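J.: Residue numbers (this note's numbering): 262 to 592. Please read through the structure below; I'll follow up with questions.
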Ligand SMILES: [Zn+2]
């Protein structure tokens, strides 16, 4: 793997490539933003390039030198990775890192360490790292990874160069998956709910995700009628079916479902997410006003908020389904 072979994250890759080529490598980088797997991939590729014999010349790893091969085999002595041991990164882990780095290594060159989920460092671990950043025992480059760099101590943040990470667009995720023959209807939904292709593949492969997607389709169809069928379905398929813990995804999918109705109304069928339900969506979209579908989307957002504030999950879904019906009469 090299920087150039990783898809997406153009800004981050450009910054890092320029850093390598100009020889102005910082002591510490903070990779911050969504997409855990692409943060890790870019960090590994950058570390490899920093250690590569031709890294400065290529602005990337060559993939052929001894150092590159060691990184690929996961046994380069000058590259260390720290991940949370349980819920946090503890001071012992940072001390261990410092100890590893104070040993003399095979080469006189720089050392690199990656700290994944850096926001999980305890205050003691952060303070210990801070000293390390200020006075490394040998030339070292720190790569700190975080979903939200703002969550790190300001004293650490101010000593790092920020490298921003962004969610990859759903269409780009889908074209990558399509090239692998994985563009299933479930993957199409997952692409809109995940920051990158790896997360999308993972989510689409979950059984519960396929199940809850089917439930959304069924509830979406039932809530067009006026019977209480959707409440029965919610009870049986969601709560008795063991899907109660995935309500947030259910509301996310409902949001996409309602948005599909608007896509049909505005003749943008190529954006439809529930492509396997195209026929039904085409039939129903025009039977309600655009305001109605927008109000439905707001309701899904409201329900997600209620979930986050710890409302009882069953009550939350039932309230949502009950409120959908009079809404149809009023708009
Ligand atoms: Zn190399």
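For glycine and all other residues, C-beta sits at the position ideal for the given N, C-alpha and C. Given the structure is predicted, the values throughout are model-derived calculations rather than measurements.
#1: Please specify which runs of the alpha helix (DSSP H), each continuous and at least 4 residues long, are wholly inside the stretch 451-498, giving them in chain order.
#2: Rounded C-beta distance between residue 292 and residue 310? I'm assuming under 8 Å.
#3: Rounded to the nearest angstrom, what separates residue 526 and residue 558 at their Cα positions?
#4: Between which residues of its own chain and residue 551 is the CB-CB distance below 7 Å, once the five residues before and five after are set aside?
#5: In angstroms with no decimal places, state the Cα-to-Cα distance between residue 438 and residue 399.
#6: Consult DSSP for residue 410 and reduce its assignment to one of helix, strand or coil.
#7: Where do the N-terminal and C-terminal ends of the beta strand (DSSP E) with residue 341 fall, by residue?
#8: Can you tell me whether residue 335 sits near ligand 1, meaning its C-beta is under 7 Å from at least one heavy atom of the ligand?
#9: With DSSP collapsed to three states, give me the class of residue 290.
#10: Taking only three categories from DSSP, how would you classify residue 539?
#11: Exposed or buried, what is residue 483 when buried is set at 16 or more other beta-carbons lying within 10 Å of its beta-carbon?
#12: Quick check: the Cα distance between residue 284 and residue 317, rounded to an integer number of angstroms?
#13: Starting from the C-beta of residue 342, find all residues in its chain whose C-beta is less than 6 Å away, skip the five residues before and the five after it, and write them out in chain order.
#14: Quick one: what's residue 349 bridged to in DSSP?
T.: If we stick to the structure as given:
#1: Residue ranges of uninterrupted alpha helix (DSSP H) with 4 or more members, entirely inside the stretch 451-498 and ordered along the chain, are 458-466, 468-483, 490-494.
#2: Taking the chain shown and counting its residues from 1, the one referred to as residue 292 is at position 31. Taking the chain shown and counting its residues from 1, the one referred to as residue 310 is at position 49. Actually they do not touch by this definition, with Cβ atoms about 14 Å apart.
#3: Counted from its first residue, the chain shown places residue 526 at position 265. Counted from its first residue, the chain shown places residue 558 at position 297. When rounded, the separation of the alpha-carbon atoms in residue 526 and residue 558 is 15 Å.
#4: Reading the chain shown from its first residue, position 290 is the one you call residue 551. The answer, listed in chain order, is 523, 526.
#5: In the chain shown, counting from the first residue as 1, residue 438 sits at position 177. In the chain shown, counting from the first residue as 1, residue 399 sits at position 138. Near 42 Å, if we compare the C-alpha coordinates of residue 399 and residue 438.
#6: The residue you call residue 410 lines up with position 149 of the chain shown. Residue 410: helix per DSSP, three-state reduction.
#7: On the chain shown, position 80 is the one that residue 341 refers to. Run containing residue 341: 340-343, per the beta strand (DSSP E) assignment.
#8: Along the chain shown, read from residue 1 onward, the residue named residue 335 stands at position 74. Outside the cutoff, so no.
#9: Residue mapping note: residue 290 aligns to position 29 of the chain shown, counting from 1. Reduced to three states, the DSSP call for residue 290 is strand.
#10: Within the chain shown, the letter at position 278 stands for residue 539. In this structure, DSSP gives residue 539 a helical state, which the three-state scheme calls helix.
#11: Taking the first residue of the chain shown as position 1, residue 483 is located at position 222. Under this definition residue 483 is a buried residue.
#12: Translated into the one-based positions of the chain shown, residue 284 becomes position 23. Translated into the one-based positions of the chain shown, residue 317 becomes position 56. Residue 284 and residue 317: Cα-Cα distance of roughly 6 Å.
#13: In the chain shown, the residue the question calls residue 342 occupies position 81. Hits under 6 Å: 375.
#14: Sequence index remark: in the chain shown, residue 349 carries index 88 (1-based). The partner list for residue 349 (beta bridge, DSSP) reads 346.
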